[in-house]
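Notes to accompany the following structure.
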Amino acid sequence: MPWRRLARNRLSFAALGAILVVTVAALLAPWLAPYDPDEPDAAVALASVSVRHPLGTDLYGRDQLSRLIHAGRVDLLVALSATAIALTLGATLGAAAGYRGGWVDHLVMRGVDAVMAFPAFILALAITAALGNSTANVVAAIALTHVPIYTRLIRGEMLKARETEYAEAARTVGNRPHQIVLYHLFPNCVPPLIVQATLAMGFAILTVAALSFIGLGIQPPQSEWGQMTAEGAGYVVSGEWWLVLFPGFAIMLTVLAFNLVGDTLRDLLDPRMRGVR
Amino acid sequence: MSELLEVHDLTVHFATEDGLVEAVDNVSFSVRPGEILGVVGESGSGKSVTAHALLRLIRPPGRIVRGEIRFEGADLLALPEARMGAVRGARIALVFQSPRTALNPVLTVGRQIARLYELHQHVAPAEAWRRTIEMLTLVGIAEPERRARQYAHQLSGGMCQRVMIAMAIASSPRLLIADEPTTGLDVSIAAQILDLLRALGRRTGASIVLITHDLGVVAEACDRVAVMHAGQLVEIADVHTLFKRPLHPYTQALVRSIPRIDREVAMEPIPGAVPSLLAPAPGCRYADRCARVLEVCRRERPVLRAAGASHEVACHAVEVESGTAVR
Amino acid sequence: MGFGRYVLHRLLLVVPTLFGVTLISFTLVYVLPGNPALVKAGSLATPEHVAAIERQMGLDRPVHVQYWRYLTGLLRADLGESSSTGRPVLEDFRQRVPATLELTLASLLVAAAIGIPLGVLSAVHRDTALDHASRLVGVGGVAMPSFWTGLLLLYVFFYLLGVAPPPLGRIAADVVPPTRLTGLYVIDAAVTGHGTALLSALHHLMLPALTLGFAVMAPLTRMVRATMLEILESDYVKAAWAAGLPRRRVIYGDALRNALIPVITLLGVIFGFLMAGNVVVEMVFAWPGLGHYAVTSLVTKDAGPIQSFVLFVAVMYVLVNLSVDLLYGLADPRIRLR
Numbered sequence: 141m142p143w144r145r146l147a148r149n150r151l152s153f154a155a156l157g158a159i160l161v162v163t164v165a166a167l168l169a170p171w172l173a174p175y176d177p178d179e180p181d182a183a184v185a186l187a188s189v190s191v192r193h194p195l196g197t198d199l200y201g202r203d204q205l206s207r208l209i210h211a212g213r214v215d216l217l218v219a220l221s222a223t224a225i226a227l228t229l230g231a232t233l234g235a236a237a238g239y240r241g242g243w244v245d246h247l248v249m250r251g252v253d254a255v256m257a258f259p260a261f262i263l264a265l266a267i268t269a270a271l272g273n274s275t276a277n278v279v280a281a282i283a284l285t286h287v288p289i290y291t292r293l294i295r296g297e298m299l300k301a302r303e304t305e306y307a308e309a310a311r312t313v314g315n316r317p318h319q320i321v322l323y324h325l326f327p328n329c330v331p332p333l334i335v336q337a338t339l340a341m342g343f344a345i346l347t348v349a350a351l352s353f354i355g356l357g358i359q360p361p362q363s364e365w366g367q368m369t370a371e372g373a374g375y376v377v378s379g380e381w382w383l384v385l386f387p388g389f390a391i392m393l394t395v396l397a398f399n400l401v402g403d404t405l406r407d408l409l410d411p412r413m414r415g416v417r
Numbered sequence: 145m146s147e148l149l150e151v152h153d154l155t156v157h158f159a160t161e162d163g164l165v166e167a168v169d170n171v172s173f174s175v176r177p178g179e180i181l182g183v184v185g186e187s188g189s190g191k192s193v194t195a196h197a198l199l200r201l202i203r204p205p206g207r208i209v210r211g212e213i214r215f216e217g218a219d220l221l222a223l224p225e226a227r228m229g230a231v232r233g234a235r236i237a238l239v240f241q242s243p244r245t246a247l248n249p250v251l252t253v254g255r256q257i258a259r260l261y262e263l264h265q266h267v268a269p270a271e272a273w274r275r276t277i278e279m280l281t282l283v284g285i286a287e288p289e290r291r292a293r294q295y296a297h298q299l300s301g302g303m304c305q306r307v308m309i310a311m312a313i314a315s316s317p318r319l320l321i322a323d324e325p326t327t328g329l330d331v332s333i334a335a336q337i338l339d340l341l342r343a344l345g346r347r348t349g350a351s352i353v354l355i356t357h358d359l360g361v362v363a364e365a366c367d368r369v370a371v372m373h374a375g376q377l378v379e380i381a382d383v384h385t386l387f388k389r390p391l392h393p394y395t396q397a398l399v400r401s402i403p404r405i406d407r408e409v410a411m412e413p414i415p416g417a418v419p420s421l422l423a424p425a426p427g428c429r430y431a432d433r434c435a436r437v438l439e440v441c442r443r444e445r446p447v448l449r450a451a452g453a454s455h456e457v458a459c460h461a462v463e464v465e466s467g468t469a470v471r
Numbered sequence: 035m036g037f038g039r040y041v042l043h044r045l046l047l048v049v050p051t052l053f054g055v056t057l058i059s060f061t062l063v064y065v066l067p068g069n070p071a072l073v074k075a076g077s078l079a080t081p082e083h084v085a086a087i088e089r090q091m092g093l094d095r096p097v098h099v100q101y102w103r104y105l106t107g108l109l110r111a112d113l114g115e116s117s118s119t120g121r122p123v124l125e126d127f128r129q130r131v132p133a134t135l136e137l138t139l140a141s142l143l144v145a146a147a148i149g150i151p152l153g154v155l156s157a158v159h160r161d162t163a164l165d166h167a168s169r170l171v172g173v174g175g176v177a178m179p180s181f182w183t184g185l186l187l188l189y190v191f192f193y194l195l196g197v198a199p200p201p202l203g204r205i206a207a208d209v210v211p212p213t214r215l216t217g218l219y220v221i222d223a224a225v226t227g228h229g230t231a232l233l234s235a236l237h238h239l240m241l242p243a244l245t246l247g248f249a250v251m252a253p254l255t256r257m258v259r260a261t262m263l264e265i266l267e268s269d270y271v272k273a274a275w276a277a278g279l280p281r282r283r284v285i286y287g288d289a290l291r292n293a294l295i296p297v298i299t300l301l302g303v304i305f306g307f308l309m310a311g312n313v314v315v316e317m318v319f320a321w322p323g324l325g326h327y328a329v330t331s332l333v334t335k336d337a338g339p340i341q342s343f344v345l346f347v348a349v350m351y352v353l354v355n356l357s358v359d360l361l362y363g364l365a366d367p368r369i370r371l372r
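Protein chains in written order, with the numbering used here: chain E, 141 to 417; chain L, 145 to 471; chain B, 35 to 372.
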């Protein structure tokens with residue numbers, strides 16, 4: 141592995157560092173946040189950045205920094221669960237479709253086509269609207285819109301791997317189908333899966349933020365970055381910029397970090413997928 | 145006798161992620177008017193890079209480090225870029241390897257030729273099209289009017305090659321460089337292409353530089369031959385001398401590996417592999433594969449020296465044995 | 035005839051996809067909590083009244099029958115009623131589509147006018163400051179949530195600099211909208227020579243179009259750059275240069291022309307991003323389009339608008355992708371003349 145090139149890619153290391161920081165902050169939120177995120181303090185309502193409140197306060201005097209840190213938990217948790225569910229479901233469907241072929245493949249692919257006929261965000265919107273406003277439903281909605289990505293990926297790998305002599309040998313030895321799939325063919329799929337999942341984390345965060353911004357998904361008093369931005373939106377026209385700047389920046393930074401790491405992983409793990417830099 | 149083209153100490157380097165690749169190292173040769181010069185060597189020997197350098201087609205990360213290319217009285221490397229446009233295609237033309245990819249997939253082949261007439265000969269589109277059809281006939285394409293309106297993917301490999309040649313000779317260049325014109329074509333088509341090139345050369349009086357890895361092609365079509373190895377020019381002689389009395393160990397190994405003329409061309413591998421051109425060792429780059437290697441070979445790069453009428457070799461062992469060594 | 039079969043194949047594929055789209059659409063509404071009959075009847079209605087309305091709406095029938103009613107209703111262009119506006123959804127749609135269309139087109143224009151040249155120049159002058167800047171834009175643009183971009187632009191250009199109007203809609207409150215020809219204020223005002231309306235409409239369109247345009251610019255720039263770089267390395271570009279064509283002409287003629295063809299395929303994907311972005315941007319700027327309509331009706335649990343909006347977007351997405359495929363087939367002679 142070209143360690144030199146990895147080391148030279150300082151930006152990716154910085155990105156990885158950023159992800160670590162955000163994750164740790166999310167995990168240690170209750171101890172890291174200087175104030176209770178829900179605690180109002182009318183005396184300092186709508187205060188700009190200061191030493192006491194580095195990111196300012198909102199209408200109720202709640203410390204924005206603390207809210208930001210706690211909100212990060214929600215964003216990361218939602219993105220992570222949605223990605224994990226989508227990956228598991230999608231990979232299983234893709235493996236079944238790719239390995240079995242026939243009507244299973246046909247059915248799965250028609251389903252994938254139908255889901256992909258909707259722009260992902262619109263579908264997530266519709267599902268959340270249909271199921272109701274709760275964190276779990278948002279996770280389900282995002283997961284569902286991401287399933288096709290993994291299904292197609294695994295199916296593609298399966299189709300390729302199925303024809304190799306490796307698989308033929310495994311079959312001859314007498315391995316049962318699910319054994320073949322799991323132990324022999326799957327390891328090849330892992331690198332592109334990791335790349336895709338990392339990139340998908342970014343999309344998941346953007347989706348949950350956008351959904352919360354328009355009022356679906358995460359409900360107050362639970363804070364979430366998009367929802368915090370929505371709360372601050374009305375104040376931009378009167379000059380209270382800190383309510384909007386910081387949560388949005390947090391979103392951008394986190395998504396950017398995931399994208400950069402995902403791109404680097406793609407370059408390292410799967411040179412075939414490598415486009416032009 | 146004045147030469148058409150004189151190349152002195154041409155050196156080309158590429159700055160890659162992994163280091164400096166010295167693709168062409170102090171290559172010197174000349175081309176006489178009306179002759180066909182073969183440039184032969186394994187892949188990676190720097191033949192194509194040399195050809196591209198002649199037309200100053202080398203772009204970053206590649207760089208022509210030093211050298212002189214005298215053509216029609218001027219040093220091409222000293223010419224301003226704006227003047228090169230009048231040389232490329234018009235005075236010196238290059239026929240690329242793999243003809244299909246060297247043709248623009250979204251323009252008709254006729255258009256690709258015709259616009260060169262418009263560019264170099266300053267004629268109107270209608271006249272350019274007429275000349276294009278004429279040229280297509282000349283290079284042996286049947287139904288030229290129909291073919292001219294087609295796209296590269298609709299033509300066979302051989303036809304694409306003919307189209308490329310048509311593009312190259314559209315403006316009657318003095319020098320035609322053909323880079324692997326027969327590679328990838330089946331034997332009978334390859335023979336036709338060679339015949340075509342020779343006929344065109346005779347007809348227009350142009351000189352041809354024929355780049356190939358195939359000694360059979362060289363034997364059949366060339367007047368003189370230059371042998372390259374790992375970016376260095378090791379021997380240059382007229383074709384009979386080269387096959388009868390090759391002097392450089394590499395040339396000897398090449399000639400020894402030629403199959404019979406009645407068999408498909410396929411060279412037998414020479415021991416070892418072409419050394420990496422990435423930060424190469426000083427001295428002769430054939431040293432590690434050479435049966436007659438001397439200690440001086442690894443220290444000093446051998447220089448081309450005369451070894452007979454119209455025969456030059458760059459080899460310390462040859463110098464020592466013929467008593468012409470400097471020390 | 036190769037191309038004919040290509041077209042036919044594409045058209046046939048569309049049918050089951052549209053079918054699947056209506057199925058998903060219907061399922062989502064079927065699953066929607068709450069009783070539409072109850073909403074329609076009002077909170078003071080008696081149970082018998084609600085039951086009567088249920089029968090009328092066909093809510094007591096089995097699932098597949100309901101789906102059939104839904105499908106046939108669609109074909110009759112019956113999208114139900116909006117309980118908040120009290121009007122047929124189709125009517126509301128007709129009124130709001132032009133606003134979304136205007137925003138979408140303006141954003142596409144912004145994205146293409148900046149994004150494509152940026153990608154091209156970035157590829158031609160690789161590894162220069164311009165290239166790094168454009169790659170930054172590409173990478174950063176994808177990560178910035180569009181609502182954030184919009185709000186930041188509002189802060190800078192409205193609050194700080196005062197050059198943008200307040201986010202209250204498509205045209206200043208004291209300006210009369212132009213006569214409705216296409217529904218697109220900019221075009222209608224220009225055609226009817228209505229100067230004040232034209233200026234006001236453009237003024238109000240500025241920030242929303244920049245926001246949405248910037249959001250979709252990133253993938254466009256990236257792809258143009260990548261394609262252009264690939265083509266600049268290709269043999270035929272080198273061959274054209276070797277044949278004496280000036281380098282400028284080879285780059286901005288041959289290479290660019292070849293690069294723009296695959297970019298066509300990206301238009302379908304961009305349309306999807308635009309539709310998604312519309313929802314958010316319309317909310318930020320109170321732009322009275324379809325996205326705004328869909329979101330505000332969510333608050334009142336009004337099923338009709340949401341469902342119809344989602345269906346509309348999906349159908350448009352399918353049709354746009356189909357057109358893009360066909361357009362690409364026409365543009366690339368390798369497909370057109372198989």
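Heads up, the beta-carbon is just placed ideally off N, CA and C, and yes, glycines get one too.
Please read these numbers as outputs of a predicted model, since none were measured by experiment.
query: Would you verify that the beta carbon of Q90/B is, or is not, closer than 9 Å to some beta carbon of chain E?; result: no
query: Put A286/L into one of helix, strand or coil per three-state DSSP.; result: coil
query: So, is the C-beta of R250/E closer than 9 Å to a C-beta in chain B?; result: yes
query: Measure the Cβ-Cβ separation of D126/B and P339/B and say whether it is below 9 Å.; result: yes
query: Within the same chain, show all residues whose beta-carbon is closer than 8 Å to that of A165/E, passing over the 5 residues directly before and after it, in chain order.; result: L172, I209 and G212
query: Quick one: using the 10 Å Cβ neighbour count with 16 as the cut-off for buried, is R400/L buried or exposed?; result: exposed
query: Go through the region 205-271 of chain E residue by residue and report every complete run of the beta strand (DSSP E) that reaches 3 residues or more, in order.; result: none
query: Give the residues of chain B in contact with P205/L, contact being defined as C-beta atoms less than 9 Å apart.; result: Those within 9 Å of P205/L in chain B number zero; the least Cβ separation is about 10 Å.
query: Could you name each continuous beta strand (DSSP E) segment of 3 residues or more that falls completely within the region 290-325 of chain L, going from the start of the chain to the end?; result: 319-323
query: Using a beta-carbon distance below 9 Å, is M311/L in contact with chain A?; result: Given the protein chain composition of this structure (E, L and B), no chain A is represented.
query: Whose C-alpha, out of C441/L, D153/L, E179/L and L154/L, is nearest the C-alpha of S146/L?; result: E179/L
query: For N273/E, which three-state DSSP category applies?; result: coil
query: Beta-carbon within less than 7 Å of A363/L's beta-carbon, same chain only, minus the 5 sequence neighbours each way: which residues are those?; result: V383 and F387
query: What did DSSP end up calling F158/L once you bin it into helix, strand or coil?; result: strand
query: Could you give the residue range of the alpha helix (DSSP H) that holds V168/L?; result: Per DSSP, V168/L belongs to no alpha helix (DSSP H); it is in the beta strand (DSSP E), G163 to V175.
query: Which residues, in order along the region 42-53 of chain B, keep a beta-carbon less than 9 Å from a beta-carbon of chain E?; result: L47, P50, T51, L52 and F53
query: If you follow the beta strand (DSSP E) that G182/L is in, where does it begin and where does it stop?; result: I180 to V184
query: Only counting the same chain, and skipping five residues up and downstream in sequence, which positions put a Cβ closer than 8 Å to that of H264/L?; result: G233, A234, A314 and S315
query: Rounded C-beta distance between T155/L and V175/L? I'm assuming under 8 Å.; result: Not a contact, Cβ separation roughly 19 Å.
query: Can you find a C-beta in chain E that's less than 9 Å from the C-beta of Y104/B?; result: no
query: Are there three or more Cβ pairs, one per stretch, closer than 8 Å when the region 308-328 of chain L is compared with the region 187-207 of chain L?; result: yes
query: Below 9 Å between beta carbons: does that hold for G366/E and V333/B?; result: no
query: Assuming contact is defined by CB atoms lying nearer than 9 Å, are F215/L and K272/B in contact in what I supplied?; result: no
query: Cβ of T404/E within 9 Å of Cβ of N149/E?; result: yes
query: Residues in its own chain within less than 6 Å of I380/L by CB, not counting five upstream and five downstream?; result: F173, A370 and E456
query: By DSSP, does M298/E sit in helix, in strand, or in coil?; result: helix
query: Alpha carbon to alpha carbon, what distance is there between Q298/L and I309/L?; result: 17 Å
query: Would the beta-carbon of G284/L fall within 9 Å of that of L320/L?; result: no
query: Could you tell me the distance, in whole angstroms, from the CA atom of E461/L to the CA atom of R442/L?; result: Note on residue identity: the sequence assigns Ala, not Glu, to residue 461/L. Spanning the two alpha carbons is a distance of roughly 12 Å.
query: Using 9 Å as the threshold, is the C-beta distance between G325/B and T134/B below it?; result: yes
query: Should S116/B go down as buried or exposed, given a rule of 16 or more other Cβ atoms within 10 Å for buried?; result: buried
query: Relative to the C-alpha of L308/B, which candidate in L156/E, A260/E and V244/E has its C-alpha closest?; result: A260/E
query: Specify the secondary structure class of I58/B as computed by DSSP and reduced to three states.; result: helix
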